[in-house]
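What follows is a short report on a single structure.
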Amino acid sequence: MSRDTKITLPESEIPTHFYNIAPDLTTPLAPPIHPATREPLGPEALAPIFPMSLIEQEMSQAPTVEIPGEVREIYRLYRPTPVYRARAFERLLDTPAHIYYKSEHVSPVGSHKLNTALVQAWANRQEGVKRLATETGAGQWGSALSCACQLMGLECMVYMVRVSYDQKPYRRVMMKTYGADVVASPSTLTAAGRAVLGTHPDSPGSLGIAISEAVEDAAGRDDTKYALGSVLNHVLLHQTIIGQEAKTQMEIAGEYPDIVIGSHGGGSNFAGLTFPFLRDKLKGARKALRAVAVEPSSCPTLTGGRREYDFGDTAGMTPLLMMHTLGHAFVPPAVHAGGLRYHGSAPLVSHLLDAGVIEAEAYGQREVFESAVKFARSEGTIPAPESAHAVHSAIRHALAAREAGERKVILFNLSGHGLFDLSAYDAFLGGSIA
Ligand SMILES: Cc1ncc(COP(=O)(O)O)c(C=O)c1O
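If you use this note's numbering, the sequence shown corresponds to residues 1 to 434, in order.
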């Protein structure tokens, strides 16, 4: 077993392909359906908003998809990201468990979101697109796409959920530094935004509303397409680079995780870390592996939602997806983990939950911040509030291992740092987080 605290890989170990879980599912995924015809959606229906190569990935049954050379070249800026053994954290928790974390927070934009943003910007540019429109919750996805668009020579328009726009001014500045246009959503720029403002002038916004605005923007302009930071199959596919690297790193550590944990907003972060490990479980090799998706109890999509066909956005402009959902009209409370405020869950993650392959947990804000502070005080890195949900779950499992006297191996994804979320930490430290 490796004694290293930081398990790194050379740039030559950046994966060459993404892992597609779709062909490994034991039952087929329910297809997206057209809102008007209620028939399964053909590729042409998505063509106004996505480039064809991403639509192909969305529907692909190929076991792997090659990573474009230019994207791999840019990945070298920050990939492979390290896996850390959280020794001080283990000591603090006095647990026999071995706790590891994959550190996606080291990307230039501070989270895992750049992994897919670069592929999406590249794929759009290949097909002659000049501008991308998107939504952002906490600002993590918006900053990632703004950065990727700049690096790939595209313009970027970001609809940022109002509550985050107000809570996180520096994320806005970051996006503008990368050259993007940023507007608070609901905005007056789109019919969807104006409709919400008409009935709720003080609306805090939601990812669902911001998606409606971005899709409307893209559908209304020839030079623009839409980019989504989570939920869809192709986005989850791109994030599997995380778990593939982590598998190699765990081999170097000489351990295989008993439990893999990721926070869950739309599902791409959780999927990114866990799907390459779940491949082993689906193939029958690691039947006991537990994969845990962690969400806020105020937006309990997986633990409290129903699995049914629902719209991805609030205005009902997107295809219907078979997913765990709280209903597309659900406007979650303004919790600090803005990136976890989404009414739905990726169809792939929802499918695996229903099939009993994965598990879900939900926690309150205050306990999550308590855990985040423990982590920061032992490992040094201040986690993003979203990632702190995974930290909290890791603590619970480490303490359960102590109770049971078992030496479990726990791996979680530190999907982002919280250096733009210090106002949330300030509220927690000041005692004003309920
Ligand atoms: C740092 C961080 N972690 C996790 C998530 C959850 O994302 P996903 O939609 O990939 O589940 C987000 C979403 O914005 C995030 O910013």
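Cβ coordinates follow ideal geometry from the N, Cα and C atoms, glycine included. Here the structure is a predicted model, which is why all the values come from computation and not from measurement.
- The C-beta distance from residue 190 to residue 213 rounds to 4 Å, short enough to fall under 8 Å.
- Residue 414 is bridged by DSSP to 103.
- Residue pairing by DSSP puts residue 7 in a beta bridge opposite 83.
- Beta bridge pairing from DSSP links residue 132 with 156 and 225.
- In the three-state DSSP reduction, residue 409 falls in the strand class (E or B).
- According to DSSP, residue 108 shares a beta bridge with no other residue.
- Pairing residue 133 with residue 157 gives a Cβ-Cβ distance under 8 Å.
- Judged by DSSP secondary structure, residue 181 falls within the beta strand (DSSP E) whose first and last residues are 181-185.
- Only residues of its own chain outside the window of five on either side were considered, and among them 85, 90, 255, 407, 408, 409 and 410 have a CB closer than 8 Å to the CB of residue 98, listed in chain order.
- Ligand 1 has no heavy atom closer than 7 Å to the beta-carbon of residue 243.
- Rounded to whole angstroms, residue 70 and residue 399 show a C-alpha spacing of 44 Å.
- Of all alpha-carbon atoms in 432, 323 and 419, the one lying nearest the alpha-carbon of residue 367 is that of 432.
- A residue is listed when its beta-carbon falls short of 6 Å from at least one non-hydrogen atom of ligand 1; in chain order these are 111, 137, 138, 140, 141, 230, 263, 264, 265, 266, 267, 268, 269, 270, 339, 340, 384, 386, 387, 415 and 416.
- Under the three-state reduction of DSSP output, residue 368 falls in the helix class.
- By the Cβ criterion, the segment 161-175 is not in contact with the segment 232-242, since fewer than three pairs of Cβ atoms, one from each stretch, lie closer than 8 Å.
- Contact annotation: the segment 292-308 touches the segment 359-366, with at least three C-beta pairs closer than 8 Å.
- Straight-line spacing of the CA atoms in residue 129 and residue 135 works out to 18 Å.
- Annotation: the segment 205-285 contains the following complete segments of the alpha helix (DSSP H) (minimum length 4 residues), in chain order: 207-219, 233-253 and 268-282.
- For residue 13, the closest of 32, 72, 25 and 52 by C-alpha to C-alpha distance is 72.
- CA-to-CA, the gap between residue 88 and residue 384 works out to about 19 Å.
- Within the same chain, Cβ atoms closer than 7 Å to the Cβ of residue 11 are found at 76, the five residues on either side in sequence being excluded.
- Note that the C-beta distance between residue 51 and residue 287 is not below 8 Å.
- DSSP places residue 194 in no beta strand (DSSP E) but in the uninterrupted alpha helix (DSSP H) bounded by 191-199.
- Listed in chain order, the non-local C-beta contacts of residue 297 below 7 Å within the same chain comprise 362, 363 and 364, local neighbours out to five positions each way being set aside.
- Secondary structure at residue 300: coil, using DSSP grouped into helix, strand and coil.
- Residue 314 sits away from residue 342, with the two beta carbons spaced by 8 Å or more.
- A distance below 7 Å between beta-carbons, with the five flanking residues on each side excluded, links residue 320 to the following residues of its chain, in chain order: 32, 33, 35, 309, 310 and 311.
- A direct Cα-Cα distance of roughly 28 Å separates residue 80 from residue 96.
- By the Cβ criterion, the segment 268-280 is in contact with the segment 107-118, since at least three pairs of Cβ atoms, one from each stretch, lie closer than 8 Å.
- Within 10 angstroms of the beta-carbon of residue 28 lie fewer than 16 other beta-carbons, which makes it exposed.
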